[in-house]
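Participant:
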Amino acid sequence: MDSKTIKESGYFWWRNEPIPEDDIVPESAVAGDLIITDDGRISIELHGYLPSADHPMSRIFVGSGNSCPDIEGRLKNSSEHVLLTDVYTQGGKASFGGISYENYGATNCLIGSKPLPESKGEIMFDGLSIPLTGFEDWLGLGSIETSRTKRKLVATHKTQKNIKYTLEDSSTISVEFDLLAPMFGNQKNHAINIAEKISFKYLSRLKKTSSELKKYFFSITDFFLILTGSDYNMEWPSLTIGRTASNTKSYRFYFLRSRNSAAPPTRHNCLLTFPTIREEFGHLFQQWQIKREELGPGMSLYLGTRRGVELYVEHRFVNLIWGLESLHRTLNKDAPPTKLELKAQRIIGQITLAKDRKWLEAKLEHSTEPSLAERLVECIKLLPLNFPAESLRVFCNECAGKRNDISHFGGQRAPGGYGDFLGKIYSLNNALSNIYPAIILKLCGVNDLLLLNMLCTGRASSRIKYTLNEVGLHIK
Numbered sequence: 471m472d473s474k475t476i477k478e479s480g481y482f483w484w485r486n487e488p489i490p491e492d493d494i495v496p497e498s499a500v501a502g503d504l505i506i507t508d509d510g511r512i513s514i515e516l517h518g519y520l521p522s523a524d525h526p527m528s529r530i531f532v533g534s535g536n537s538c539p540d541i542e543g544r545l546k547n548s549s550e551h552v553l554l555t556d557v558y559t560q561g562g563k564a565s566f567g568g569i570s571y572e573n574y575g576a577t578n579c580l581i582g583s584k585p586l587p588e589s590k591g592e593i594m595f596d597g598l599s600i601p602l603t604g605f606e607d608w609l610g611l612g613s614i615e616t617s618r619t620k621r622k623l624v625a626t627h628k629t630q631k632n633i634k635y636t637l638e639d640s641s642t643i644s645v646e647f648d649l650l651a652p653m654f655g656n657q658k659n660h661a662i663n664i665a666e667k668i669s670f671k672y673l674s675r676l677k678k679t680s681s682e683l684k685k686y687f688f689s690i691t692d693f694f695l696i697l698t699g700s701d702y703n704m705e706w707p708s709l710t711i712g713r714t715a716s717n718t719k720s721y722r723f724y725f726l727r728s729r730n731s732a733a734p735p736t737r738h739n740c741l742l743t744f745p746t747i748r749e750e751f752g753h754l755f756q757q758w759q760i761k762r763e764e765l766g767p768g769m770s771l772y773l774g775t776r777r778g779v780e781l782y783v784e785h786r787f788v789n790l791i792w793g794l795e796s797l798h799r800t801l802n803k804d805a806p807p808t809k810l811e812l813k814a815q816r817i818i819g820q821i822t823l824a825k826d827r828k829w830l831e832a833k834l835e836h837s838t839e840p841s842l843a844e845r846l847v848e849c850i851k852l853l854p855l856n857f858p859a860e861s862l863r864v865f866c867n868e869c870a871g872k873r874n875d876i877s878h879f880g881g882q883r884a885p886g887g888y889g890d891f892l893g894k895i896y897s898l899n900n901a902l903s904n905i906y907p908a909i910i911l912k913l914c915g916v917n918d919l920l921l922l923n924m925l926c927t928g929r930a931s932s933r934i935k936y937t938l939n940e941v942g943l944h945i946k
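When the letters of the sequence shown are read in order and numbered with my numbering, they come out as residues 471 to 946.
#1: I believe S613 touches K631 by the beta-carbon criterion, under 8 Å. Please report the beta-carbon distance rounded to the nearest angstrom.
#2: For N717, which of D596, N923 and Y936 has the nearest alpha-carbon?
#3: Quick one: what's F670 bridged to in DSSP?
#4: Can you say whether N573 is buried or exposed, counting buried as having 16 or more other CB atoms within 10 angstroms of its CB?
#5: Leaving aside the five residues before and after T937 along the sequence, list all residues of the same chain whose C-beta is less than 8 Å from its C-beta, in chain order.
#6: The alpha helix (DSSP H) that contains A908, what's its start and end?
#7: Helix, strand or coil: how does DSSP classify S720 here?
#8: Kindly indicate which residue of L553, S583, L586 and E588 has the alpha-carbon position closest to the one of T577.
#9: Tell me the rounded alpha-carbon separation between L602 and R883.
#10: On the three-state DSSP scale, how would you describe K851?
#11: Let's see if you can read the secondary structure: which residues bound the alpha helix (DSSP H) around I791?
#12: Just the Cα atoms here: how many angstroms apart are G480 and G778?
#13: What residues are listed by DSSP as bridge partners for V916?
#14: Quick one: what's got a C-beta closer than 7 Å to P767's C-beta in the same chain, skipping five residues either side?
#15: From S674 to R816, what distance separates their C-alpha atoms?
#16: Quick check: the region 665-672 against the region 638-646, are there 3 or more CB pairs under 8 Å?
#17: Count the other CB atoms within 10 Å of the CB of S599; is the residue buried (16 or more) or exposed (fewer)?
#18: Can you give me the Cβ contacts of L773 inside the same chain, cut-off strictly under 8 Å, excluding the 5 residues immediately before and after it?
#19: What's the gap between the Cα of T743 and the Cα of L943?
#20: With a Cβ-Cβ cutoff of 8 Å, do I512 and Y724 count as a contact?
#21: Contact between the region 682-689 and the region 557-567: three or more CB pairs below 8 Å?
#22: With DSSP as the reference, identify every bridge partner of K477, one or two as the case may be.
#23: Is the region 818-834 touching the region 870-878 in the sense that three or more CB pairs, one from each, lie closer than 8 Å?
#24: Considering Q882, what are the terminal residues of the beta strand (DSSP E) in which it resides?
#25: Comparing alpha-carbon positions, which option in L580, E848, S861 and D503 lies nearest G518?
#26: Let me know if E592 comes out buried or exposed under the rule of 16 or more other beta-carbons within 10 Å of its beta-carbon.
#27: Determine the direct distance from the alpha carbon of F605 to that of A733, and round the result to whole angstroms.
#28: From this set, H551, F755, E839 and G655, which residue's C-alpha is nearest K813's C-alpha?
#29: Excluding five sequence neighbours on each side, which residues of the same chain lie with their C-beta closer than 7 Å to the C-beta of E487?
#30: Are there 16 or more other CB atoms within 10 angstroms of the CB of H660, so buried, or fewer, so exposed?
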């Protein structure tokens, strides 16, 4: 079993079963094990079977994947409360003269120290909290100072104020600080652990379901991916009920998601560190939420090449080109007609025979559209990089040509060594993978000065400029 898999024993029962006053679980509760894998696959292996209107063992014989009511539970070691939703059967064993048992799977699991609200429908939450473990270098907000001499080691921590931003709908996001350290007072220890704990918190103006907050969590993780340039996985979020620290109930939220082994972002590899965007962070996050919806595939096709997903070189390349093409179409969907479009309309308007006019309209339908290379040029010109016009044109023509070769010929157009073709695609990928997120950041409101610093003089600029120089793009 994976070391990150959670496995804990407890009692489980159908949701909203009445609990006797002097007990902690219903009479119908069945012992079993809750198992949650690192990527969020959730299951319970019962040591018996839950009650049913039909014969309890009937669920075993109808096969796996059948929908069931939600299941509540109480864990043995931690005494925490559990709620599994979107539950389905997962087989079991009917044994005559032996022990019969059944297993269940679930799409979502909530675990917390407080009882979950009684509700016939979905539970409504006020927000979510995500530990920023692994993002400390990107945050650059360390507040533990140490001083050491031959005779003394002193560690000093000054409590930081939480950093709060109000969004346009009056919801808030915040970066909040806590400290893991020995208890108050004086003690003598042979070893101590002091660690700053930082969390990202979202408090919604309106209550939301767990499904809505799950979608929000994925949007947050993608936002951090764009800012850091790292595929590092965020920790599991917690969903919260209550709007103040004193009355908030918190439940860890588990669900199926893609995980990878990417290392935490380091400051010298980050595209934009938090201190450089601290003042604008709330606005950038707001714009990210808006643009993610507005631009659709223009965002998702880039993100699909990230998140630790392994793609063939060709697949990654066409995804990047498709994404930029979609981005350009969306950004220019309301653009006024070009001179070429107006000319085509005048010519079509002079044809009197309806059949001929319809034929010509079909022939000219796409003739006035910009070429793929022209679309790529216009997307890259959104950045304040001032590439030489000829170099940019050559680069975009090559990208368009290679995309067409892969789309229409499955690879290179002419016979030859495929390794050379892949090598060129690999270099184009590296350049596009630095250009594309910079365009996204520009559209989300990052100013040109920050972009220039990021691409030309920042900590990651040497790596970025190397990939651009390799394909003939030299920043002036």
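Glycine residues also receive a C-beta, built at the ideal position from the N, C-alpha and C atoms. As the structure is a prediction and not an experimental result, all values here were calculated from the model.
Facilitator: Quick look at the numbers:
#1: Not a contact, Cβ separation roughly 11 Å.
#2: D596
#3: Beta-bridge pairing by DSSP links F670 to I600 and V645.
#4: buried
#5: S897, N900, A901, S903 and N904
#6: Y888 to L913
#7: strand
#8: L553
#9: Going by the C-alpha atoms only, they are around 47 Å apart.
#10: coil
#11: V783 to L801
#12: About 34 Å.
#13: For V916, which the question treats as bridged, DSSP gives no partner whatsoever.
#14: Excluding positions up to five away in sequence, the list reads G793 and S796.
#15: 53 Å
#16: yes
#17: With 16 or more other Cβ atoms within 10 Å, it is buried.
#18: D692 and L695
#19: Their backbone Cα atoms lie some 25 Å apart in a straight line.
#20: yes
#21: No, the region 682-689 does not touch the region 557-567.
#22: I505
#23: no
#24: It is not in any beta strand (DSSP E) - Q882 carries neither H nor E in the DSSP assignment.
#25: That would be D503, whose Cα lies nearest to the Cα of G518.
#26: Burial check for E592: the Cβ neighbour count within 10 Å stays below 16, so the residue is exposed.
#27: 10 Å
#28: E839
#29: The residues are P496 and S498.
#30: Taking a 10 Å sphere around the C-beta of H660, we find fewer than 16 other C-beta atoms and assign the residue as exposed.
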